[in-house]
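Student:
Number of protein chains: 2
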Amino acid sequence: MRPPDSFNAFCSQSTAVLMGASAGALAGLSFAAKDLFDIVGHVTGAGNPDWLASHPPAAQTAPVVQKLVDAGATMVGKTHTDELSRGLFGENAHYGTPVNPKAPDCVPGGSSSGSAVAVASGAVNFALGTDTGGSVRVPASFCGLYGIRPTHGRLAFEGVVRQAASFDTIGWLATDAGVLARVAAVLIGFNADQAPRPTRLLVAQDAFALSEPATVKALTPAVERLRHLVGRVETQPFSKLPLSEWRDRQIALQSREAWVTFADWIDQTNPRLSFEVAAAFVRGMGVDDAALEAANRFRRERRAEIDELFPDATVVCLPTTPFPAPLRGQPRSSMASLRARILALTCIAGTLGCPQISLPVAELNGRPVGLSILAAPGSDAMLLALARAMASTL
Amino acid sequence: MRPPDSFNAFCSQSTAVLMGASAGALAGLSFAAKDLFDIVGHVTGAGNPDWLASHPPAAQTAPVVQKLVDAGATMVGKTHTDELSRGLFGENAHYGTPVNPKAPDCVPGGSSSGSAVAVASGAVNFALGTDTGGSVRVPASFCGLYGIRPTHGRLAFEGVVRQAASFDTIGWLATDAGVLARVAAVLIGFNADQAPRPTRLLVAQDAFALSEPATVKALTPAVERLRHLVGRVETQPFSKLPLSEWRDRQIALQSREAWVTFADWIDQTNPRLSFEVAAAFVRGMGVDDAALEAANRFRRERRAEIDELFPDATVVCLPTTPFPAPLRGQPRSSMASLRARILALTCIAGTLGCPQISLPVAELNGRPVGLSILAAPGSDAMLLALARAMASTL
Numbered sequence: 008m009r010p011p012d013s014f015n016a017f018c019s020q021s022t023a024v025l026m027g028a029s030a031g032a033l034a035g036l037s038f039a040a041k042d043l044f045d046i047v048g049h050v051t052g053a054g055n056p057d058w059l060a061s062h063p064p065a066a067q068t069a070p071v072v073q074k075l076v077d078a079g080a081t082m083v084g085k086t087h088t089d090e091l092s093r094g095l096f097g098e099n100a101h102y103g104t105p106v107n108p109k110a111p112d113c114v115p116g117g118s119s120s121g122s123a124v125a126v127a128s129g130a131v132n133f134a135l136g137t138d139t140g141g142s143v144r145v146p147a148s149f150c151g152l153y154g155i156r157p158t159h160g161r162l163a164f165e166g167v168v169r170q171a172a173s174f175d176t177i178g179w180l181a182t183d184a185g186v187l188a189r190v191a192a193v194l195i196g197f198n199a200d201q202a203p204r205p206t207r208l209l210v211a212q213d214a215f216a217l218s219e220p221a222t223v224k225a226l227t228p229a230v231e232r233l234r235h236l237v238g239r240v241e242t243q244p245f246s247k248l249p250l251s252e253w254r255d256r257q258i259a260l261q262s263r264e265a266w267v268t269f270a271d272w273i274d275q276t277n278p279r280l281s282f283e284v285a286a287a288f289v290r291g292m293g294v295d296d297a298a299l300e301a302a303n304r305f306r307r308e309r310r311a312e313i314d315e316l317f318p319d320a321t322v323v324c325l326p327t328t329p330f331p332a333p334l335r336g337q338p339r340s341s342m343a344s345l346r347a348r349i350l351a352l353t354c355i356a357g358t359l360g361c362p363q364i365s366l367p368v369a370e371l372n373g374r375p376v377g378l379s380i381l382a383a384p385g386s387d388a389m390l391l392a393l394a395r396a397m398a399s400t401l
Numbered sequence: 008m009r010p011p012d013s014f015n016a017f018c019s020q021s022t023a024v025l026m027g028a029s030a031g032a033l034a035g036l037s038f039a040a041k042d043l044f045d046i047v048g049h050v051t052g053a054g055n056p057d058w059l060a061s062h063p064p065a066a067q068t069a070p071v072v073q074k075l076v077d078a079g080a081t082m083v084g085k086t087h088t089d090e091l092s093r094g095l096f097g098e099n100a101h102y103g104t105p106v107n108p109k110a111p112d113c114v115p116g117g118s119s120s121g122s123a124v125a126v127a128s129g130a131v132n133f134a135l136g137t138d139t140g141g142s143v144r145v146p147a148s149f150c151g152l153y154g155i156r157p158t159h160g161r162l163a164f165e166g167v168v169r170q171a172a173s174f175d176t177i178g179w180l181a182t183d184a185g186v187l188a189r190v191a192a193v194l195i196g197f198n199a200d201q202a203p204r205p206t207r208l209l210v211a212q213d214a215f216a217l218s219e220p221a222t223v224k225a226l227t228p229a230v231e232r233l234r235h236l237v238g239r240v241e242t243q244p245f246s247k248l249p250l251s252e253w254r255d256r257q258i259a260l261q262s263r264e265a266w267v268t269f270a271d272w273i274d275q276t277n278p279r280l281s282f283e284v285a286a287a288f289v290r291g292m293g294v295d296d297a298a299l300e301a302a303n304r305f306r307r308e309r310r311a312e313i314d315e316l317f318p319d320a321t322v323v324c325l326p327t328t329p330f331p332a333p334l335r336g337q338p339r340s341s342m343a344s345l346r347a348r349i350l351a352l353t354c355i356a357g358t359l360g361c362p363q364i365s366l367p368v369a370e371l372n373g374r375p376v377g378l379s380i381l382a383a384p385g386s387d388a389m390l391l392a393l394a395r396a397m398a399s400t401l
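Quick mapping for you: the protein sequence lines, in order, are chains X and S. Under the working numbering, the first sequence has 278 at position 271, and the numbering climbs by one with no breaks. Under the working numbering, the second sequence has 284 at position 277, and the numbering climbs by one with no breaks.
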């Protein structure tokens, strides 16, 4: 049942498979689920061997997986994740780095690394991931896939290993915009005929300014296509405040929440973690109440400006990542600075709870890089319809 | 050659063995070496699988090991260490916890855990360890052994994996005070006939006050024997300053030095570490220059007082640890507070560079606990002679 896996996308320690219902909206499609999703009778591994060893088999299948199976899709396996979903590159110290089929010398992106690779390698039609700080969008960009982070809270985060509750979302990846939308129809009720159309495109000047010039250049033709589709276009900064400040506030909130999520388990288990992940937890532990309150206030203020940030039916476009996938196996110090640059782009959706879709519209020296569309919370259908319209302009 | 090992003292991944010379001061004795000591042709593992995997076999045997072999002792194996020598309990997340032969439900102490267990189980006559913050003295106390931390710098720390250079020492453990001294004779030139005699015993009131009452009570008969041996006795605080301040300054210095020691390797390798050890590195990274300078100043001031702290030929006695070995497998939070209490006693020798010997003189509900004797830097011979004299009073 499990497809051949020369790309190390799938968890060899789990044999979870769920046959799809014989009929339904997704009949005939196959999918994979990141190893954060519970499958009844199997231990959810979360990318860490001590997590795997210290948890019992799941008593229930995560509702989102069950919905897909009930709609006819077959789950063929669980996929590698960055350790405890903490990472953006897909380099797992315990289970290895899944191979990016589009750029084998480069990281696949993470933390939904195995899900992205399973889709990009053609092993499945789509795959479930999670996105807390960018974990669906980044691998979508690096592997040349469609990837959606829905509005925060739109899908119940149930039967899934949490990281930071106020940012955690369930998302999915596909090579085909139609499949992306069909999954959305099952999970969040998307109907193309009823989807609102955007009336204004904002090209986020501040986000493009934080991206590498070659990446901006590679994305330009796709931005042009978006301009034509939407009609009314403005090029200006998305925020009056530097996106680096958005990022730093999200890092404070997310890392503190992640520490709280895992603190008891860490205390009981003293687990083996890669240094990078352990350091992130220690930093979260060190976010004091004053920093936390300042970051919370910042987020409340930004959310209070949502109507102002998205007047009419605004769609914002920005690079999903400021560059294509970096090389695998670089030192921590190099990767840390790259991660900070990515987070300055991905933090917008995290901070506001916005939906965002990464579109596989460009390549740079053979390495994919995504263009994202993002809109106000609740605008998932508008983005899905726009993603399909973009696909049809190719 | 390797003795049977039902106590998990020895590293199964290393087969290093060195036959002793046919004659010499240690002929017929067997010993083990903590897996921080280089043995030619073998990779030194340092208690971490990623260290093992990222280092080549040693080109030379550590001089201290070679000296012992040249003196006739046979090295029968390498022993487990706390990960990268960072720990006081002997609980290694990667290789398991060596079993304390005297108290199997309790930790053996660390970081020279396997060396202590190899000796306490009778597998070898003595074993080499290292002591940076207490790593020979603590397992000596918990396993009921003699254990010496010599004067800092007395033995060159060569061919041994460093932790924090200004605290690192090479020490050894034995069940027999005579063997302890014979090894000293080979390594640092001890001659019992020329050893000075202490003229004053200071019972360190502040150190006893930090120990559990039942432990203090259990140690009392041994303190009495020491009183008789030395003659002149005073009971007063060792320091005018709280020992917790000595400890906190040593933690700042040691953890920062340890970070510097391992930073490049961590950057290149992003190793898997237990959370506890990773957190210690992150804390070391966070010791800023001001805290470092304050801690250095504190240490300089204390070292300037050495003549005042050890008038005449003073020997200080104090509990090696404030309690016998705690239970194995407790949560991090419990162990962290126990560790802090131990360090308030072990930091004296670390801060001053003093020699210290733990004597196996007491038990509490079947669990060993050691009494320590400590003197001014350079007084190793005086302490070794006193340890032998104490043994002869039994």
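Ideal Cβ placement from N, Cα and C applies to all residues, glycine included.
Along chain S, in chain order, which residues have C-beta atoms closer than 7 Å to that of Gln275/X?
Tutor: Taking the first sequence and counting its residues from 1, the one referred to as residue 275/X is at position 268. Within 7 Å Cβ-Cβ: Pro338.
Student: Taking C-beta pairs closer than 8 Å, name the residues in chain X that Val289/S reaches, listed in chain order.
Tutor: Translated into positions along the second sequence, residue 289/S becomes position 282. Those are Ala285, Ala286, Val289, Arg290, listed as they occur along chain X.
Student: Kindly say whether Ser281/S, judged by its beta-carbon, lies nearer than 9 Å to any beta-carbon of chain X.
Tutor: Along the second sequence, read from residue 1 onward, the residue named residue 281/S stands at position 274. So yes, Ser281/S belongs to the interface.
Student: From Gln261/X, Gly27/X, Gly178/X, pick the residue whose C-alpha is nearest to that of Val83/X; which is it?
Tutor: The residue given as residue 83/X occupies position 76 in the first sequence. Of the listed residues, the one whose Cα sits closest to Val83/X is Gly27/X.
Student: Based on Cα-Cα distance, which residue from Glu90/S, Leu217/S, Gly48/S, Ala53/S lies nearest to Arg254/S?
Tutor: Counting from 1 along the second sequence, the entry for residue 254/S is found at position 247. Comparing Cα-Cα distances from Arg254/S to each of Glu90/S, Leu217/S, Gly48/S, Ala53/S, the minimum goes to Leu217/S.
Student: Consider the Cβ of Ser333/S: report whether some Cβ of chain X lies at a distance smaller than 9 Å.
Tutor: Numbered from 1 along the second sequence, position 326 holds the residue referred to as residue 333/S. Before going further, note that residue 333/S is Pro rather than Ser in the sequence given. No, Pro333/S does not count as interfacial toward chain X.
Student: Does the segment 208-217 of chain S come close enough to the segment 79-94 of chain S that 3 or more CB-CB pairs lie under 8 Å?
Tutor: Counting Cβ pairs under 8 Å, fewer than three are found: no touch.
Student: For chain S, find out if any of its Cβ atoms is closer than 9 Å to the Cβ of Glu231/X; answer yes or no.
Tutor: The sequence position of residue 231/X within the first sequence is 224, counting from 1. For Glu231/X, the answer is no, since every Cβ of chain S falls outside 9 Å of its Cβ.
Student: What are the residues of the segment 94-123 of chain X that lie near chain S, defined by any Cβ-Cβ distance shorter than 9 Å?
Tutor: From the segment 94-123 of chain X, only Glu98, Ala100, His101 have a Cβ closer than 9 Å to chain S.
Student: Can you name the residues of chain X whose CB is closer than 8 Å to the CB of Pro278/S?
Tutor: For the purposes of this step, residue 278/S is taken as residue 271 along the second sequence, with counting starting at 1. Under the 8 Å cutoff, chain X gives Ala100, Ser281, Phe282.
Student: Assess contact between the segment 151-158 of chain X and the segment 109-128 of chain X, defined as three or more Cβ pairs (one per stretch) separated by less than 8 Å. Is contact present?
Tutor: Touching, per the Cβ criterion.
Student: If we define contact as Cβ-Cβ less than 9 Å, is Asp138/S a contact residue for chain X?
Tutor: Residue 138/S sits at position 131 when you count from the first residue of the second sequence. No, no contact with chain X.
Student: Look up Asn99/X in the DSSP assignment and say whether it is helix, strand or coil.
Tutor: As a first step, residue 99/X must be located in the first sequence, where it is residue number 92. Correct three-state label for Asn99/X: strand.
Student: Does any residue of chain C bring its CB to less than 9 Å from the CB of Asp319/S?
Tutor: Absence of chain C from the displayed structure is noted, the protein chains being X and S.
Student: CA-CA distance, Leu233/S and Thr327/S?
Tutor: As a first step, residue 233/S is located in the second sequence; it is residue number 226 there, counting from the start. As a first step, residue 327/S is located in the second sequence; it is residue number 320 there, counting from the start. Answer to the nearest angstrom: the Cα atoms are 15 Å apart.
Student: For His62/X, collect the residues of the same chain with a Cβ closer than 7 Å to its Cβ; drop the 5 residues on either side in sequence, then sort them by chain order.
Tutor: In the first sequence, residue 62/X corresponds to position 55, counting from 1. Result list for His62/X: Val50, Thr51, in chain order.
Student: For chain X, find out if any of its Cβ atoms is closer than 9 Å to the Cβ of Gly52/S; answer yes or no.
Tutor: Here residue 52/S is taken as the residue at index 45 of the second sequence, counted from 1. So no, Gly52/S is outside the interface.
Student: Could you tell me whether the Cβ of Gly293/S comes closer than 9 Å to any Cβ of chain X?
Tutor: Within the second sequence, the letter at position 286 stands for residue 293/S. With 9 Å as the cut-off, Gly293/S counts as an interface residue toward chain X.
Student: Could you tell me how far apart the beta carbons of Phe149/S and Pro111/S are, in whole angstroms, since I believe they sit closer than 8 Å?
Tutor: For the purposes of this step, residue 149/S is taken as residue 142 along the second sequence, with counting starting at 1. For the purposes of this step, residue 111/S is taken as residue 104 along the second sequence, with counting starting at 1. Phe149/S to Pro111/S, Cβ: 12 Å. No contact.
Student: Less than 9 Å between CB atoms is the rule here; does Asp57/X satisfy it with respect to chain S?
Tutor: Translated into the one-based positions of the first sequence, residue 57/X becomes position 50. Closer than 9 Å: yes.
Student: Hey, Ala39/X and Lys85/X are a contact pair by Cβ (cut 8 Å); roughly how many whole angstroms apart?
Tutor: Residue numbering aside, residue 39/X sits at position 32 when the first sequence is read from its first letter. Residue numbering aside, residue 85/X sits at position 78 when the first sequence is read from its first letter. Going by Cβ atoms, the distance from Ala39/X to Lys85/X rounds to 7 Å, so yes, they are a contact pair.
Student: Find the nearest neighbour of Met389/S within the set Cys113/S, Ala32/S, Pro205/S, Gly54/S, judged by alpha-carbon distance.
Tutor: Taking the first residue of the second sequence as position 1, residue 389/S is located at position 382. Taking only the C-alpha atoms, the option nearest Met389/S is Pro205/S.
Student: Between the segment 296-306 of chain S and the segment 299-315 of chain X, can you find at least three pairs of beta-carbon atoms closer than 8 Å?
Tutor: Because the criterion of three Cβ pairs below 8 Å is not met, the segment 299-315 of chain X and the segment 296-306 of chain S do not touch.
Student: Kindly list the residues whose CB is nearer than 6 Å to the CB of Pro318/X, restricted to its own chain and excluding five residues on each side of it in sequence; keep chain order.
Tutor: As a working mapping, residue 318/X is identified with position 311 in the first sequence. Excluding positions up to five away in sequence, the list is empty.
Student: Pick helix, strand or coil for Pro367/X, following the three-state DSSP scheme.
Tutor: Taking the first sequence and counting its residues from 1, the one referred to as residue 367/X is at position 360. Correct three-state label for Pro367/X: strand.
Student: Quick one: grab the DSSP three-state call for Met26/S.
Tutor: Looking up residue 26/S in the second sequence gives position 19. Of the three classes helix, strand and coil, the one that applies to Met26/S here is coil, per DSSP.
Student: Are the beta-carbon atoms of Ala259/X and Val289/S separated by less than 9 Å?
Tutor: For the purposes of this step, residue 259/X is identified with residue 252 of the first sequence, where counting begins at 1. For the purposes of this step, residue 289/S is identified with residue 282 of the second sequence, where counting begins at 1. Contact: no.
Student: DSSP beta-bridge partners for Gly178/X?
Tutor: Taking the first residue of the first sequence as position 1, residue 178/X is located at position 171. Gly178/X is bridged to Gly136/X.
Student: Is it the case that the segment 182-195 of chain X contacts the segment 381-399 of chain X, given that we only count it when at least three CB pairs across the two stretches are under 8 Å?
Tutor: Touching, per the Cβ criterion.
Student: Using CA atoms only, rank isn't needed, just tell me which of Ala270/S, Asn107/S, Thr358/S is closest to Ser13/S.
Tutor: In the second sequence, residue 13/S corresponds to position 6, counting from 1. Of Ala270/S, Asn107/S, Thr358/S, the residue nearest in Cα terms is Asn107/S.
Student: Using 10 angstroms around the beta-carbon of Gln20/S, count the other beta-carbons present and answer buried if the total reaches 16, otherwise exposed.
Tutor: For the purposes of this step, residue 20/S is taken as the residue at position 13 of the second sequence. It counts as exposed.
Student: Can you give me the C-alpha to C-alpha distance between Ala147/X and Thr222/X, rounded to a whole angstrom?
Tutor: Start at 1 with the first residue of the first sequence, and residue 147/X comes out as number 140. Start at 1 with the first residue of the first sequence, and residue 222/X comes out as number 215. Near 15 Å, if we compare the C-alpha coordinates of Thr222/X and Ala147/X.
Student: Going by the DSSP bridge assignment, what does Arg207/X pair with across the sheet?
Tutor: Sequence index remark: in the first sequence, residue 207/X carries index 200 (1-based). The partner list for Arg207/X (beta bridge, DSSP) reads Thr321/X.
Student: The ligand MG and Gly84/S: does any heavy atom of the ligand fall closer than 8 Å to the residue's C-beta?
Tutor: With respect to the ligand MG, the structure shown offers nothing to examine, as it has no ligands at all.
Student: Among residues of its own chain, excluding the 5 on either side of Ala214/S, which ones have a beta-carbon nearer than 7 Å to its beta-carbon?
Tutor: Here residue 214/S is taken as the residue at index 207 of the second sequence, counted from 1. Excluding positions up to five away in sequence, the list reads Phe245, Leu250, Leu325, Pro326, Leu352.
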